[in-house]
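Written out below as structure tokens is the structure these notes cover.
2 protein chains.
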Amino acid sequence: MLDFLYKLRQIQESRRSVLCVGLDPDPQRMPQHVLDLYPLPEAIEAFNAAIIEAVGPAACAFKLNLAFYEVLGWQGWRALEATLALIPEDTITLADAKRGDIGNTGRMYAEALFETLGFDACTVAPYMGRDSVAPFLEYPGKAAFVLARTSNPGAADFQERDCEGEPLYLRVARQVAAWNEGTPGAAGLVVGATAPEALAEVRATCPTLPFLVPGVGAQGGDPGAVMRAAATDDGLVLVNSSRQILYASDGEDFAEAAAREAEKLRAALDNEK
Amino acid sequence: MLDFLYKLRQIQESRRSVLCVGLDPDPQRMPQHVLDLYPLPEAIEAFNAAIIEAVGPAACAFKLNLAFYEVLGWQGWRALEATLALIPEDTITLADAKRGDIGNTGRMYAEALFETLGFDACTVAPYMGRDSVAPFLEYPGKAAFVLARTSNPGAADFQERDCEGEPLYLRVARQVAAWNEGTPGAAGLVVGATAPEALAEVRATCPTLPFLVPGVGAQGGDPGAVMRAAATDDGLVLVNSSRQILYASDGEDFAEAAAREAEKLRAALDNEK
Chain A
12 MLDFLYKLRQ
22 IQESRRSVLC
32 VGLDPDPQRM
42 PQHVLDLYPL
52 PEAIEAFNAA
62 IIEAVGPAAC
72 AFKLNLAFYE
82 VLGWQGWRAL
92 EATLALIPED
102 TITLADAKRG
112 DIGNTGRMYA
122 EALFETLGFD
132 ACTVAPYMGR
142 DSVAPFLEYP
152 GKAAFVLART
162 SNPGAADFQE
172 RDCEGEPLYL
182 RVARQVAAWN
192 EGTPGAAGLV
202 VGATAPEALA
212 EVRATCPTLP
222 FLVPGVGAQG
232 GDPGAVMRAA
242 ATDDGLVLVN
252 SSRQILYASD
262 GEDFAEAAAR
272 EAEKLRAALD
282 NEK
Chain B
12 MLDFLYKLRQ
22 IQESRRSVLC
32 VGLDPDPQRM
42 PQHVLDLYPL
52 PEAIEAFNAA
62 IIEAVGPAAC
72 AFKLNLAFYE
82 VLGWQGWRAL
92 EATLALIPED
102 TITLADAKRG
112 DIGNTGRMYA
122 EALFETLGFD
132 ACTVAPYMGR
142 DSVAPFLEYP
152 GKAAFVLART
162 SNPGAADFQE
172 RDCEGEPLYL
182 RVARQVAAWN
192 EGTPGAAGLV
202 VGATAPEALA
212 EVRATCPTLP
222 FLVPGVGAQG
232 GDPGAVMRAA
242 ATDDGLVLVN
252 SSRQILYASD
262 GEDFAEAAAR
272 EAEKLRAALD
282 NEK
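Going down the list, the protein sequences come from chains A and B.
Sequential numbering from 12 applies to the first sequence in the numbering used here.
Sequential numbering from 12 applies to the second sequence in the numbering used here.
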């Protein structure tokens, strides 16, 4: 199976894009005419189908946050599986699931995301330590992006606390890099766009791990600052944007508006490389 | 709606049980005759139905770890919903989901677990801080058990590190207690049975929060040590056991064997009160 980093680099270079589009379908913000045409789980599939087709040329990856699907129960999970089937083979699929559990259960979560659903990558929570992260690193061709310094206000509560001489997020980053040695899968880190100095610090500590960077757009992060802090020849980045693209318009033109917004962000990120 | 702690105390007293049974159906360990009778998602429902009926009288709660259902995709989620429908009203249902995400997404996870699925309680990962925990504390009658000191070997990697003068797990426990002040829901903590001294320490710090205690049985924790360290008049505990009960026998008598094992553990825990 193709190495994850090799595949990611190929897609990013051929499409000149580090943009990851978050497929987070929120019925409260979706266009009314889509909601009028279909009942809820199908409306989400129809909305996602239009977005995938429209923004596909500008995106190297799609990130699906599982909360938006789980809120609809098993029918939401079916819509998640249907959405995945619509994403072209040459685009990375990322499960934003933030799972993490003890060994035998962690292996089931990894199997659920990488085999049952077939995602290329996922996000993982580090709090439970090595045996909760390792199962995700055992899959050749797959990647696990572990939360390091997230983009939300709560990041200050634990991640930024001094942990034996360094902020906890930096310790997590170093540990993940060490755990990654010799595994068949690829480890990455989640580092938010809202703290560019943390981005630069984690990049200096982990020069070759890919970063998934949320927080650009609606959350206030600056695309240029992200690229300058974290994108290097050896260190790939995936810059995620969800709401700013998905809900660029709530009219009949929502897909075209999303495509314009995605292309604008793709170009802005590409210019900073 | 009935307060969660009031409901939990009533059930525990009337049934003389602090036992929580983990409904973690693993096809690799389920009795062969059940797997021969039904295709996979239905086999899980049949297995769970027999276990719920057999161990119900000894259990105050059932804990469903979502990994065991998600590994089967949307059909697994349907089996999860079908299983929940079988659990009697006077028994606590707990989603072992270890979710945690930024504010707007955290609210969707809370809605998925408490409203769509209708669980009474769930487990939550603390790494992302207050805004990832708070959405779960906003539901009257519901409870969120936040990971503090878990039962797995990886607990040593971050949870036990010194964080500004105390182990990280103790800081998390104190913060959760503070965040819980004035919320309509109830906060609890997950503290593993494999570290009784940590259990006692967290209990001293958080005298009134309920604890969910995994790690008894297959993971090696001692029921008596758990009760002495953590169960007080003000501090309720839920002691979880999964594999030791579910897979007490892999023959036709699996339900009776599970019932015997559950009753033995219930009585052992009750004697230590």
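In this text, a Cβ means the ideal position worked out from N, Cα and C, and glycines have one as well.
Keep in mind the model is a prediction, meaning the values are calculated, not measured.
Counting only C-beta atoms, is residue i closer than 8 Å to chain A at any point?
i: PHE73 of chain B; result: no
i: ARG141 of chain B; result: yes
i: GLU92 of chain B; result: yes
i: PRO164 of chain B; result: yes
i: GLY193 of chain B; result: no
i: LYS109 of chain B; result: yes
i: LEU158 of chain B; result: yes
i: THR104 of chain B; result: no
Below 8 Å on the Cβ atoms is my guess for residue i versus residue j; work out the distance and round it to an integer in Å.
i: VAL202 of chain B; j: VAL29 of chain B; result: About 14 Å; that fails the 8 Å criterion.
i: PHE130 of chain A; j: THR104 of chain A; result: 5 Å
i: LYS200 of chain B; j: PHE156 of chain B; result: Sequence inspection shows Leu at residue 200 of chain B; the Lys mentioned does not correspond to that position. The pair is a contact, with the Cβ atoms about 6 Å apart (cut-off 8 Å).
i: GLU149 of chain A; j: THR194 of chain A; result: 7 Å
i: ASP142 of chain B; j: GLY165 of chain B; result: Between GLY165 of chain B and ASP142 of chain B the Cβ distance is about 25 Å, and since that is not below 8 Å, they are no contact.
i: LEU19 of chain B; j: PRO221 of chain B; result: 7 Å
i: ALA184 of chain B; j: CYS217 of chain B; result: 5 Å
i: ALA136 of chain A; j: ALA136 of chain B; result: 5 Å
i: ALA197 of chain A; j: LEU75 of chain A; result: Not a contact, Cβ separation roughly 19 Å.
i: ASP281 of chain B; j: ARG27 of chain B; result: 5 Å
i: ALA65 of chain A; j: ALA266 of chain A; result: 4 Å
i: ALA57 of chain B; j: GLU274 of chain B; result: Between GLU274 of chain B and ALA57 of chain B the Cβ distance is about 22 Å, and since that is not below 8 Å, they are no contact.
i: THR219 of chain B; j: GLY246 of chain B; result: 6 Å
Hey, is residue i's beta-carbon within less than 8 Å of any beta-carbon in chain B?
i: GLY232 of chain A; result: no
i: PHE169 of chain A; result: yes
i: THR205 of chain A; result: no
i: THR161 of chain A; result: yes
For residue i versus residue j, is the C-beta distance shorter than 8 Å?
i: GLU187 of chain A; j: ALA204 of chain A; result: Note that residue 187 of chain A is Val in the sequence shown, not Glu. Contact flag unset, no.
i: VAL32 of chain A; j: SER260 of chain A; result: no
i: ALA174 of chain B; j: LEU179 of chain A; result: Note that residue 174 of chain B corresponds to Cys in the displayed sequence, not to Ala. Cβ atoms of CYS174 of chain B and LEU179 of chain A: closer than 8 Å.
i: ILE256 of chain B; j: ALA241 of chain B; result: no
i: GLY176 of chain A; j: ASP168 of chain B; result: no
i: ILE81 of chain A; j: TYR120 of chain B; result: Reading the sequence as shown, one finds Glu at residue 81 of chain A and not Ile. Cβ atoms of GLU81 of chain A and TYR120 of chain B: closer than 8 Å.
i: GLY231 of chain B; j: ASP14 of chain B; result: no
i: LEU316 of chain B; j: THR127 of chain A; result: This structure does not reach residue 316 of chain B, given that chain B is present from 12 up to 284, and the question cannot be answered.
i: MET41 of chain A; j: ALA60 of chain A; result: no
i: ASP112 of chain B; j: LYS284 of chain A; result: no
i: ILE63 of chain A; j: ILE22 of chain A; result: no
i: TRP85 of chain A; j: TRP88 of chain B; result: yes
i: PHE73 of chain A; j: LEU124 of chain A; result: no
i: PHE79 of chain A; j: PRO52 of chain A; result: no
i: VAL224 of chain B; j: VAL213 of chain B; result: no
i: ALA211 of chain A; j: ARG160 of chain A; result: no
i: ALA229 of chain B; j: ARG254 of chain B; result: yes
Run down chain A in chain order and give the residues with a C-beta less than 7 Å from the C-beta of residue i.
i: GLY84 of chain B; result: TRP88, GLU92, THR127 and LEU128
i: PHE79 of chain B; result: MET119
i: THR328 of chain B; result: With chain B covering 12 to 284 only, the question about residue 328 of chain B has no answer from this structure.
Check the Cβ of residue i against every Cβ in chain A and list those closer than 9 Å, keeping chain order.
i: ARG172 of chain B; result: CYS174, GLU175, LEU179 and ARG182
i: ASN76 of chain B; result: ASP112, THR116 and MET119
Can you check DSSP and say which residues form a bridge with residue i?
i: ARG160 of chain B; result: B:VAL202
i: LEU251 of chain B; result: Per the sequence shown, the amino acid found at residue 251 of chain B is Asn instead of Leu. Note: ASN251 of chain B sits in a beta bridge opposite B:CYS31.
i: PHE178 of chain B; result: Phe is not the amino acid found at residue 178 of chain B; the sequence shown has Pro there. Answer is B:ASP173.
i: ASN76 of chain A; result: A:ASP107
i: VAL135 of chain B; result: B:ARG110 and B:VAL157
i: PHE222 of chain B; result: B:LEU200 and B:VAL248
i: GLY232 of chain B; result: B:VAL227
Given that residue i touches chain B, what residues does it touch there, using C-beta distances under 9 Å?
i: GLN186 of chain A; result: ASP168 and PHE169
### Message
Any C-beta of chain E within less than 7 Å: which residues of the stretch 116-146 of chain A qualify?
### Response
Chain labels in this structure do not include chain E; the protein chains are A and B.
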